[in-house]
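In what follows, a structure is listed as structure tokens, so that the remarks can point back to it.
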Amino acid sequence: MEKSYRYLGYFFLLLIPLIFVGFYKTYIVQFPSFEKVKHTFIHIHAAIAVVWVTLIIVQPFLVGNKKMAWHRKLGKLSYFIFPLLMLSFIPSIVNNLNSDTPKYAFFAIGDGSLLILFYCMAIKYRKKSSLHMRYMIAAAMVLLGPTVGRILPNIFGFSDLATQNIQFAIIQSILIALIISDIRNKKKYSPYLIAIVCWCVHQSIFYYLFLI
Numbered sequence: 011m012e013k014s015y016r017y018l019g020y021f022f023l024l025l026i027p028l029i030f031v032g033f034y035k036t037y038i039v040q041f042p043s044f045e046k047v048k049h050t051f052i053h054i055h056a057a058i059a060v061v062w063v064t065l066i067i068v069q070p071f072l073v074g075n076k077k078m079a080w081h082r083k084l085g086k087l088s089y090f091i092f093p094l095l096m097l098s099f100i101p102s103i104v105n106n107l108n109s110d111t112p113k114y115a116f117f118a119i120g121d122g123s124l125l126i127l128f129y130c131m132a133i134k135y136r137k138k139s140s141l142h143m144r145y146m147i148a149a150a151m152v153l154l155g156p157t158v159g160r161i162l163p164n165i166f167g168f169s170d171l172a173t174q175n176i177q178f179a180i181i182q183s184i185l186i187a188l189i190i191s192d193i194r195n196k197k198k199y200s201p202y203l204i205a206i207v208c209w210c211v212h213q214s215i216f217y218y219l220f221l222i
């Protein structure tokens, strides 16, 4: 693993408290009865998402400890887990499209599209570790969307617009910081540029749907 990314696994560990806080009020606090959870598919999506997040966190630790055989085995497991994760978005999308606010399907469709793009690019460059790692980082950052998107309104009372603006600002700032770091270390940063463009498109579509 590149020296500047040797602590990547520890940064990914931050996803655990963020996800816990983000989903505590709307999901975790309801354990074990989950009386307010109306659809079984929510539990299925949550279970698959937990497995996916676990894979994302574990992989850089395996690379850092030179456990490449296990890294590859879990990478192949993702060929099964990732499609299930994408399929688990479908009930939510259908539910939103058939509701009084169909535009809210944008969040699952938008995040899912970014995940598919970044994951597929990571798999395409699985034999080029520098590009593979950067696309997986971009994929992991998509998780900040639904997490921050729940923390800010549910805990701090931010409006939907303010929440999205802050979310976009956080993600774009991290990507810019990663590009600056790679430029200084003379590394390829093209995956982050692609990610920035994709998030700009994501943001533009959000503004079109919710502000125009």
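Under my numbering, the first residue of the sequence shown carries the number 11, and numbering increases by one thereafter.
Even glycine gets a Cβ: it sits at the ideal position worked out from N, Cα and C.
Predicted model only: the values in this text are computed from it and were never measured.
6 Å CB neighbourhood of residue i in its chain, flanking five on each side removed
| i | result |
| --- | --- |
| R144 | P201 |
| F128 | Y145, A148, A149 |
Selection from the options that minimises the alpha carbon distance to residue i
| i | options | result |
| --- | --- | --- |
| T157 | I180, Y135, K137 | I180 |
| K76 | V104, E12, F30 | E12 |
| P101 | K137, I66, F92, H55 | H55 |
| F178 | D121, K197, G155 | G155 |
| A57 | H81, K48, K86, I91 | I91 |
| Y218 | P42, L72, Y114 | Y114 |
| I67 | T36, P42, I26, F41 | I26 |
N- and C-terminal bounds of the alpha helix (DSSP H) containing residue i
| i | result |
| --- | --- |
| G167 | Here G167 belongs to no alpha helix (DSSP H), and DSSP marks it neither H nor E. |
| D121 | 115-134 |
| L24 | Looking at the DSSP string, L24 is not in any alpha helix (DSSP H), and its letter there is neither H nor E. |
| F41 | That residue, F41, is in no alpha helix (DSSP H); it is neither H nor E in DSSP. |
| N105 | 100-107 |
Residue-chain proximity (residue i, chain B), Cβ-Cβ < 7 Å
| i | result |
| --- | --- |
| S169 | The structure shown contains no chain B; it is built from a single protein chain. |
Neighbourhood of residue i by C-beta distance below 7 Å, restricted to the same chain and skipping five residues each side
| i | result |
| --- | --- |
| S14 | S191, N195 |
| F21 | none |
| W80 | L72 |
Beta carbon of residue i nearer than 7 Å to that of residue j
| i | j | result |
| --- | --- | --- |
| A148 | A205 | yes |
Residues of its chain near residue i, where Cβ-Cβ distance is below 8 Å and the 5 sequence neighbours each way are ignored
| i | result |
| --- | --- |
| L162 | F168, A172, T173, I176, Q177 |
Where in the stretch 58-98 do unbroken runs of the beta strand (DSSP E), each at least 3 residues long, occur, reported from the N-terminal end onward? Given a length threshold of 3 residues, the stretch 58-98 has no whole run of the beta strand (DSSP E) inside it.
Starting from the N-terminal side, write out each stretch of the alpha helix (DSSP H) that is 4 residues or longer and does not extend beyond the stretch 135-160. Look at the stretch 135-160 and you find these whole runs of alpha helix (DSSP H), each 4 residues long or longer: 139-151.
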